[in-house]
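Residue numbers for the sequence shown follow UniProt numbering, so the first one is 1 and each next one is one higher.
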Amino acid sequence: MGLLHELTAMLLGATDIESALADLSRFAAFAVPGVVRCSALLITEGRPAVSASSETSRRKIDDAQQDEAAGPSLDAIHTREPVVSTDLYTDERWPALQPAAVGAGLRTAIALPIDVNRDAVGALTLYLTEPDAAGPGRMVAALAIAGQAALLLGEVLRRAEETTPPLVAQEPSDATVNHAVGLIMAQRGCGPAEAFEVIDETATRLAVSPRVVAERLLETAQRRSGS
1 MGLLHELTAM LLGATDIESA LADLSRFAAF AVPGVVRCSA LLITEGRPAV
51 SASSETSRRK IDDAQQDEAA GPSLDAIHTR EPVVSTDLYT DERWPALQPA
101 AVGAGLRTAI ALPIDVNRDA VGALTLYLTE PDAAGPGRMV AALAIAGQAA
151 LLLGEVLRRA EETTPPLVAQ EPSDATVNHA VGLIMAQRGC GPAEAFEVID
201 ETATRLAVSP RVVAERLLET AQRRSGS
C-alpha cells in the first residue's frame with residue numbers, strides 16, 4: 001500500500017500527461033522486482049499518442065512495435081486484457097519483434113491495459129531479461145500499479161481538459177463494453193471514441209442498452225474465432 005501511495009503522490013504532482021507517463025514508467029520499473037525496462041503508451045482520441053519509458057537504452061523494442069503496429073502493448077490496448085509473452089525471442093505472435101528483443105536482451109513481457117476513460121486508453125508494459133519470468137507476485141504488483149495509474153492518469157487528463165474541452169462527454173465504463181470497444185478498435189483501426197460511438201449508435205437504433213450490443217458483438221466474434 002505504501003508504494004501505491006507514493007505512486008499517487010507522484011502522478012498527481014505531474015504537470016502534464018507526458019511527465020506523468022515518464023514517472024509511471026520509472027516507478028513501475030523500480031517497484032516490480034526484476035523489471036529492467038518499462039514503457040507506458042496512451043492513445044487519446046483526437047490527439048497524438050504519448051509514450052514514455054523508464055530508460056532509453058532498449059527503446060528499439062518499442063520502436064519495433066510502432067513500426068509494425070503489432071506487439072504486446074498494442075494487443076493489450078486492443079483487447080483490454082493483460083498480454084504476457086513468456087519469451088519474446090520465440091513468440092510467434094509478433095515475429096517482427098524478435099530481432100529487437102534479442103538485441104535488447106528482453107525475454108518476458110507483461111503488457112497491461114490502462115482504461116483511463118472512453119477517450120483515452122493505454123498500456124503499461126514491463127520487460128524482464130529471463131524467460132517465463134512473469135510469476136504471480138510480479139503480476140499482482142503490476143496489475144495493482146496499472147489499476148491505480150488508470151485512475152490517476154484520468155485526473156491528469158481532466159486537469160488538462162479544463163482548458164481544452166474533451167471531444168466526447170465521458171460516461172461510466174463497463175467491462176463488457178470496454179472489451180467490445182477494444183475489438184472494434186482492432187477491427188477498424190479507429191480510436192476509442194469512434195468505437196464507443198459505433199456501440200452507442202447501434203444501441204439507439206436497436207433500442208437496447210450499449211451492454212447488450214457489446215455482448216452480441218463479443219458473442220459473434222467468439223463464434224467466428226471458433227469456426
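Don't be surprised by glycine CBs; every beta carbon is placed ideally from N, CA and C.
Apart from sequence neighbours up to five positions away, the residues of its chain that approach ARG138 with a beta-carbon distance below 6 Å are VAL32, ordered along the chain. Scanning the region 31–55 for uninterrupted beta strand (DSSP E) segments of 3 residues or longer gives 35–44 and 50–53, listed from N- to C-terminal end.
When C-alpha distances from ASN117 are compared across ARG205, ALA96, ILE77 and VAL140, the shortest belongs to ILE77. Counting along the chain, the unbroken alpha helix (DSSP H) around ASP67 starts and ends at 60–68. Put simply, the backbone Cα of LEU217 is about 34 Å away from that of TYR89. Beta-carbon to beta-carbon, ILE17 and LEU42 are separated by about 7 Å, close enough to satisfy the 8 Å threshold. In this model, ALA141 and THR125 are separated by some 13 Å (Cα to Cα). In the assembly as shown, PRO210 is a buried residue. Its beta-carbon has 16 or more other beta-carbons within 10 Å.
Beyond the five residues adjoining it in sequence on each side, ASP62 comes within less than 6 Å, by CB distance, of SER39 in the same chain, given in chain order.
Going by C-alpha positions, PHE196 is about 20 Å away from LEU153. Apart from the 5 residues on each side of it in sequence, GLU68 sits with its Cβ closer than 6 Å to the Cβ of ALA96 in its chain, given in chain order.
For GLY122, the uninterrupted beta strand (DSSP E) segment begins and ends at 120–128. The C-alpha of ALA49 is placed about 11 Å away from the C-alpha of GLY191. By the neighbour-count criterion, in which a residue is buried when 16 or more other Cβ atoms sit within 10 angstroms of its Cβ, LEU11 is buried. Taking C-beta atoms as the reference points, ARG223 and TYR127 fail to come closer than 8 Å. Separation of the CB atoms of ALA52 and LEU4 is rounded to 20 Å, and the pair is thereby denied contact status at 8 Å.
Residue range 2–12 is occupied by the alpha helix (DSSP H) that includes LEU11, with no beta strand (DSSP E) assigned at that position. Pairing LEU112 with LEU143 gives a Cβ-Cβ distance under 8 Å. When DSSP states are grouped into helix, strand and coil, PRO113 belongs to the strand group. Distance from VAL177 to ALA221 at the Cβ level is roughly 14 Å; contact not present, criterion being Cβ atoms closer than 8 Å. With a cutoff of 8 Å on beta-carbon distance, GLY71 and ALA133 are scored as not near each other. With 16 or more other Cβ atoms from the protein chains shown falling within 10 Å of its own Cβ, THR44 counts as buried. Beta-bridge partners of SER85 (DSSP): ALA109.
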